[in-house]
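J.: Sharing a structure with you now.
Chains as they are written, first to last, in our numbering: chain A, 22 to 491; chain B, 22 to 491; chain C, 22 to 491; chain D, 22 to 491.
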């Protein structure tokens with residue numbers, strides 16, 4: 022893997038964003054803007070399905086929302102209810118067949134399904150379904166759910182959805198469009214976020230509230246873990262399909278994935294990040310001249326860190342905002358350019374200074390090493406790295422693309438070894454108690470969050486193989 | 022529908038071409054060239070699936086073969102066995118989900134399937150499958166076959182394919198790729214063509230023999246109606262999955278669809294066409310100065326017609342060969358340009374002459390009317406139209422896109438009325454006996470061909486609705 | 022050069038087609054259809070410029086006419102006068118800067134210029150212009166003409182055009198659009214064709230008459246060698262800018278370049294070709310069972326040849342019509358596929374037969390060799406090659422892309438050696454007298470045609486270097 | 022103009038970025054990365070020209086750098102010297118003919134030229150050149166310079182460049198590539214920036230120093246106003262082509278255009294912006310709970326403003342980073358979405374707070390009005406707007422795309438009226454003295470900066486019409 026790809030892969034990655042709307046004459050267009058607001062959750066593919074009385078219309082393709090629906094593609098997506106999806110681009114297997122929403126027909130009509138998350142028992146369920154003669158055209162968990170629903174014994178789709186859900190284990194936020202209903206639900210632990218809003222007479226659901234603000238919808242509440250919401254002409258109906266499990270919202274949604282202007286389960290993302298920076302500053306103070314953040318996701322935390330220690334916050338690293346998928350990698354001769362192509366140190370800010378570089382997470386460590394080196398070349402006399410989350414030591418099975426465990430630097434090295442690896446004058450992580458204190462949680466073992474990537478304590482059973490790819 | 026589209030739609034249309042190869046290190050590339058040779062059978066979408074030990078690779082998209090596999094797309098299709106497909110572009114529902122081969126996995130492994138034809142009982146089978154919980158992601162018949170195979174009770178795929186086939190009614194040529202086999206089969210009546218060839222140690226199957234010539238493979242024989250051929254490392258194995266039905270090969274394959282250099286079931290297409298022209302000339306002679314054909318498909322027949330009557334054959338209509346899907350339709354003000362944009366009369370050939378215009382078929386009549394008018398404007402003193410097939414009066418249910426019956430001009434008008442409609446000085450069709458005489462067949466009621474579109478006598482049961490689209 | 026490219030390059034190539042219209046509200050759209058009809062004269066790039074009162078609009082790009090103007094590109098080309106251009110794709114230097122029409126502004130207003138042909142003294146004129154301070158942004162002759170016009174001393178553009186023309190030597194058909202005039206002219210020898218038509222009140226000019234038929238314009242007459250036609254609101258005005266030179270129309274326009282439905286200088290292309298075949302048959306008869314032509318350009322000649330000798334004409338070679346620029350070349354392992362990918366022999370036609378293969382010209386000989394081999398593999402017992410033009414031994418300096426002289430097989434080998442090279446049982450060329458007899462010309466030394474590529478006798482001075490590329 | 026376009030056009034726009042390198046084996050690739058770093062200066066088109074001994078290679082097209090050079094486009098740009106250009110996208114006339122570098126040949130060889138800025142006497146020079154017979158293929162000033170150079174009387178290009186420059190008036194930074202030299206120069210007032218760096222033995226020039234950091238080149242110094250630098254195999258040679266004028270660097274480079282990590286003429290852009298915020302805070306303090314900046318360009322200034330008044334700085338507005346040129350505008354029914362689609366207020370930050378919104382400039386006022394409204398909807402109790410530059414009242418003639426003067430709100434309204442128009446509780450601008458104090462300049466009338474857009478006092482003659490478009 023070259024320098025550049027190392028940088029890109031040195032973060033955890035969200036796998037999807039979902040959006041749904043019911044009861045608005047501009048359903049497809051609003052879904053387009055909603056997905057545009059959720060684009061940070063996935064840039065591989067985008068898709069929208071709408072329903073117009075009896076007919077279901079859909080379009081999905083590889084690319085950004087603005088690319089997939091360029092031209093007059095939206096015009097054919099008629100109807101007053103819609104579901105949309107954006108999907109994260111993994112390095113290798115870009116595949117239009119895996120683009121969502123998954124659209125199919127079965128004996129009870131048409132169905133489109135958008136899914137954020139990962140089922141830990143998908144492989145087992147698929148084996149069971151195949152033994153009964155099911156075929157699989159994709160490698161996504163979503164198709165497993167589709168088969169379960171289609172095999173349901175009940176006369177309504179909603180009932181069959183409910184029963185199917187009781188078989189699923191893992192993290193999932195699902196938005197399902199039928200010929201006359203929009204169904205939204207969240208896994209029993211609430212691992213993945215999902216929120217509800219109103220827009221006039223219409224209802225809207227989305228992975229993050231920033232989508233509501235973008236289209237001018239009014240936030241109502243978060244969908245509850247284990248809750249299934251059914252929206253149709255009769256209005257909104259809510260029920261619980263799962264008995265109350267311990268809530269376990271993914272902390273990384275706050276740390277890195279979500280947009281700072283989103284509120285998730287009552288907390289604003291930017292404010293959480295800033296507070297993480299403050300707590301970290303209290304835990305691991307350092308004498309320094311300037312505090313900088315790694316753009317874009319660590320800016321909030323850096324501001325908090327700086328405020329707490331009354332050290333000036335500065336813009337010490339500038340990110341190029343015009344990167345794209347067609348970017349040409351440096352040739353062999355120019356590989357040393359590395360991370361410079363995307364990030365640049367502001368020499369006048371850091372030269373001759375003791376610098377604190379705040380970053381939200383540290384996965385493989387390679388980018389941090391480049392950034393420390395970049396700051397030193399720009400004249401920093403000391404570089405202290407502060408990470409506003411605990412060391413990532415375990416893989417995620419709930420919809421986050423962690424590297425394989427052996428690539429997680431904290432699974433192999435001590436903090437001191439990592440500090441040496443990245444070449445920092447000091448390195449400190451936020452600890453779990455500090456992280457949870459931001460949410461007002463004191464008991465680490467019985468809190469409302471999933472910290473499995475830090476602790477290895479998974480809130481559900483985890484099965485040997487999560488992969489559906491043969 | 023405007024002038025231009027009328028012209029395009031004034032022919033029957035084939036729905037697909039299929040190709041398969043087993044045992045060649047360049048499987049994907051040869052499939053590419055094979056599909057390129059079969060491109061006339063479908064221009065909407067193209068796709069190839071290959072198998073490389075355990076892994077199946079596939080790519081399919083809207084567009085011509087050369088467009089779909091532009092760049093280095095072929096390189097990722099590794100393996101020594103391959104199946105490919107080209108699909109016809111209907112006016113409206115271009116949809117990548119319907120592109121083939123259909124690729125799926127089930128309990129017995131991976132399977133890719135390419136299908137030419139149409140099942141008349143697809144809707145009934147789908148209803149049955151849905152009642153058992155199947156979901157459908159496409160609107161193609163092929164997915165019905167996939168579900169049937171997956172639900173089979175036998176331990177091998179080949180056995181489950183055989184049983185599934187016994188449930189199918191209609192016209193189909195299927196090429197199926199599994200993890201270690203290539204299966205090729207043809208419907209019990211042989212409605213759709215399929216042929217077998219060798220290329221060194223490799224076996225090849227294709228809808229038409231022109232694909233063999235293009236890749237330098239050696240024709241072995243046609244696949245028999247009701248035959249299933251299984252090719253694997255052990256070699257080629259053939260069996261009959263259906264008891265011998267009356268053979269009923271589609272005559273339109275000769276009249277219009279196939280490439281002139283192909284041989285189907287023992288007859289060369291070009292030579293059949295030329296002979297059709299000769300017979301028609303004997304049946305409906307005419308005093309004229311020159312015989313011309315409508316390019317490209319009627320040239321062979323026109324030559325035969327001219328030879329029989331010893332009237333000079335001439336190139337009286339020239340076709341523009343640079344048309345493409347992005348062609349801009351004439352605006353309202355220029356609609357009168359009509360068919361001129363694609364065909365032009367050679368004034369020096371037809372001016373002052375009595376012209377026989379030979380065409381292979383006449384479906385809606387609108388293009389013929391334009392051409393007669395074009396020839397008169399170019400100075401023809403008389404225009405006699407000769408059609409080298411009988412009047413098309415009935416819809417096809419076996420994989421041909423006939424217009425709805427009410428749009429078939431021969432279903433509504435007498436020959437005299439049609440002559441008046443198209444403005445010809447005389448109009449004559451080849452009759453069924455004459456058509457069949459070309460193949461050495463005398464008994465019209467018990468021949469080896471399907472002439473249902475002329476006679477309304479279908480060689481299989483026909484069910485009320487053939488459409489899978491809800 | 023690989024097999025495939027050898028085939029493509031084994032013909033001479035025209036370099037351009039031009040079109041102009043004045044006085045029609047749909048000027049751009051008609052130019053689009055006109056260029057579409059002229060597409061065979063050049064597939065590299067296409068462009069249109071229109072004038073709308075004071076403003077000139079233009080668009081040009083690499084690609085076919087239908088590609089360059091896909092979407093709503095035509096809509097911005099407003100105005101009632103227009104000039105268009107298609108350009109031939111040479112193997113290497115595809116370059117949008119060289120796409121035409123060349124559009125520029127100068128002290129007398131805006132000017133768009135479309136040019137078919139080649140100036141033999143372009144390099145000298147460019148040197149002269151550069152010595153006076155001119156800059157050149159393209160490598161096309163057209164820019165030389167632009168500079169000459171701009172430096173003219175007269176108060177009207179038309180006068181400056183006339184004076185500039187008197188400096189040009191070579192072959193050219195020029196269509197020039199100014200803010201209020203359309204100027205069309207042809208070189209003094211009439212080396213390149215240009216014709217005039219009317220369409221209601223509008224005037225149209227085009228390289229070939231097939232463009233008139235396509236848009237429904239009425240042919241008026243050919244533009245005369247040395248004639249300049251000026252069309253404006255006052256109507257059409259004609260004058261001679263050059264004293265009468267000996268006319269020298271390029272014979273290859275008839276032999277290969279032009280569309281069969283076009284008439285050039287009074288002769289129909291198809292009929293000339295057919296007659297060339299007849300004369301050749303008389304000159305070099307052969308005992309054979311069947312006559313075939315190499316598609317598409319040699320079909321007319323093959324029919325004439327067959328008629329003359331009363332041997333059956335047959336369709337023995339079929340061309341794939343779906344080739345495109347993105348066609349993937351065979352890999353090293355499959356190079357033997359060669360010409361098969363584009364042309365296929367009809368086995369049932371040629372097997373066991375003595376075959377005459379008629380071709381219009383033979384430049385490098387490589388494709389002919391492949392075709393002879395292809396026919397033998399398909400079972401032909403004898404293959405006799407007949408070329409309906411004399412041996413090409415000399416380069417063209419008037420706008421045709423002949424290979425370098427050392428690549429012209431007839432410049433290096435005798436007919437017997439060529440016959441051996443291509444593996445034919447016999448090979449014969451049409452001689453010059455025979456070729457000219459088709460046009461009713463008897464005196465070879467004083468005829469109205471340019472045969473320089475056969476004879477080396479150029480109708481103008483030829484300068485050492487014709488290339489503008491440094 | 023709709024809501025969305027109003028937002029986009031509510032800033033001044035830079036027109037170009039230039040880059041050059043001499044003496045590096047990876048010249049094209051480094052130019053690509055350099056242009057990538059300068060992409061913020063222009064997103065309409067990009068181009069690179071290289072020279073490889075005698076041959077000049079170039080490619081330019083519409084689009085971002087990463088789009089224009091996607092695939093293997095860079096590979097053909099061989100050579101060790103290169104010049105590159107990015108151009109700003111104005112709303113209407115996107116035109117590949119205007120893309121740079123302008124490449125041409127003339128009697129002294131090949132020349133490629135990249136130009137940032139605007140000549141105020143371009144129209145006069147063009148008139149003069151046209152009267153001598155020059156033709157113009159573009160509407161860019163650059164072509165005027167090309168003609169002047171080509172008409173020069175001296176034996177070397179460098180001498181002709183020098184003489185040509187003495188005729189130019191206005192703002193320009195030019196990088197010129199010849200067959201063996203790289204020439205870089207800056208206008209006599211230094212209106213547009215240009216800097217010099219080294220990279221091993223190679224020399225590099227660029228509009229901004231961020232390009233040097235990106236490729237790892239070492240900053241040497243700014244090019245001086247009126248200086249011409251000639252780089253060839255003999256090394257670097259500098260001379261003054263203009264007597265020392267009063268320096269007049271564009272202040273808007275600091276206020277808005279340049280990247281924060283660039284240093285221009287000795288000042289770091291981010292630090293200048295922060296200081297502008299501080300000075301403004303001292304001049305126009307306000308009681309408030311939180312200070313926010315409009316992303317991205319006003320963040321630095323907002324931090325400075327907040328620090329000075331010891332009010333917390335917060336991230337109150339979040340910008341969507343995935344916008345693209347294909348973004349679909351809201352339909353009529355959804356126009357009220359307006360600025361929301363691109364910017365979102367963080368409700369938890371601003372609700373119930375007195376907010377100071379810092380922006381770098383205010384041109385038409387429409388976006389500011391939307392943002393004030395957005396903040397109020399998100400619960401802000403007071404919104405105070407602070408602009409870190411003086412009111413823009415005059416058009417720029419030196420390469421900045423100011424709106425027409427009648428669209429500049431400050432040219433028509435008083436500050437009180439503007440405050441009312443945008444709906445703010447208070448509005449204050451930085452005054453000129455305050456702005457200049459940041460640079461240590463006291464005497465406003467005799468400083469080293471161009472403030473003409475604020476003051477109307479232009480540092481050069483200004484001619485009636487600057488437009489080259491007829």
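Ideal placement from N, C-alpha and C gives every residue a C-beta, glycine not left out.
If we define contact as Cβ-Cβ less than 7 Å, is residue 43 of chain C a contact residue for chain B?
T.: Closer than 7 Å: no.
J.: Helix, strand or coil for residue 341 of chain A? Go by DSSP, reduced to three states.
T.: Reduced to three states, the DSSP call for residue 341 of chain A is coil.
J.: Return yes when the Cβ of residue 377 of chain D is within less than 7 Å of the Cβ of residue 309 of chain D, no when it is not.
T.: Against a cut-off of 7 Å, the Cβ pair of residue 377 of chain D and residue 309 of chain D comes out as a contact.
J.: Please list the terminal residues of the continuous alpha helix (DSSP H) segment that includes residue 371 of chain D.
T.: Looking at the DSSP string, the run of the alpha helix (DSSP H) that includes residue 371 of chain D is 368-371.
J.: To the nearest angstrom, report how far apart residue 126 of chain A and residue 120 of chain A are at their CA atoms.
T.: If I take the Cα positions, the gap works out to 17 Å.
J.: Out of D/213, D/146, D/207 and D/217, point me to the one whose CA is closest to residue 417 of chain D's CA.
T.: That would be D/213, whose Cα lies nearest to the Cα of residue 417 of chain D.
J.: Is residue 204 of chain B helix, strand or coil when you go by DSSP?
T.: Residue state, collapsed to three classes: strand.
J.: Does chain D have any CB closer than 7 Å to the CB of residue 151 of chain C?
T.: It does: the Cβ of residue 151 of chain C has a partner Cβ on chain D nearer than 7 Å.
J.: What three-state label does DSSP hand residue 79 of chain D in the structure shown?
T.: Strand.
J.: Taking only three categories from DSSP, how would you classify residue 188 of chain C?
T.: DSSP places residue 188 of chain C in coil when its eight states are reduced to three.
J.: Run the CB neighbour count on residue 479 of chain B, radius 10 Å, all protein chains shown included, and call it buried at 16 or more, exposed below.
T.: Looking at its Cβ environment, which holds 16 or more other Cβ atoms inside 10 Å, residue 479 of chain B is buried.
J.: What does the Cβ neighbour count give for residue 482 of chain A, buried or exposed, with the cut at 16 atoms within 10 Å?
T.: Exposed.
J.: Which bits of chain A does residue 144 of chain B rub up against, with CB to CB less than 9 Å?
T.: Chain A residues near residue 144 of chain B: none, gap ~12 Å exceeds 9 Å.
J.: Could you give the C-beta distance for residue 414 of chain B and residue 348 of chain B, rounded to a whole number, given that I count them as a contact under 8 Å?
T.: The Cβ separation is near 32 Å, so there is no contact.
J.: Quick check: the Cα distance between residue 381 of chain D and residue 197 of chain D, rounded to an integer number of angstroms?
T.: Distance between the alpha carbons of residue 381 of chain D and residue 197 of chain D is about 33 Å.
J.: By DSSP, does residue 219 of chain A sit in helix, in strand, or in coil?
T.: Residue state, collapsed to three classes: strand.
J.: Assign residue 112 of chain B to one of two classes, buried (16 or more other C-beta atoms within 10 Å of its C-beta) or exposed (fewer than that).
T.: Only weak support is given to the placement of residue 112 of chain B: the predicted model assigns it a pLDDT of 36, under 50, and the value that follows is read from those uncertain coordinates. Answer is exposed; the Cβ neighbour count stays below 16.
J.: Using the C-alpha atoms, what's the distance from residue 392 of chain C back to residue 305 of chain C?
T.: Going from the Cα of residue 305 of chain C to the Cα of residue 392 of chain C covers about 20 Å.
J.: Starting from residue 293 of chain D, trace the alpha helix (DSSP H) both ways and give me its first and last residue.
T.: 290-304 is the span of the alpha helix (DSSP H), which, as asked, contains residue 293 of chain D.
J.: For a contact meaning CB atoms closer than 9 Å, what does residue 62 of chain C contact in chain D?
T.: Neighbours of residue 62 of chain C on chain D: none; closest Cβ ~24 Å, over 9 Å.
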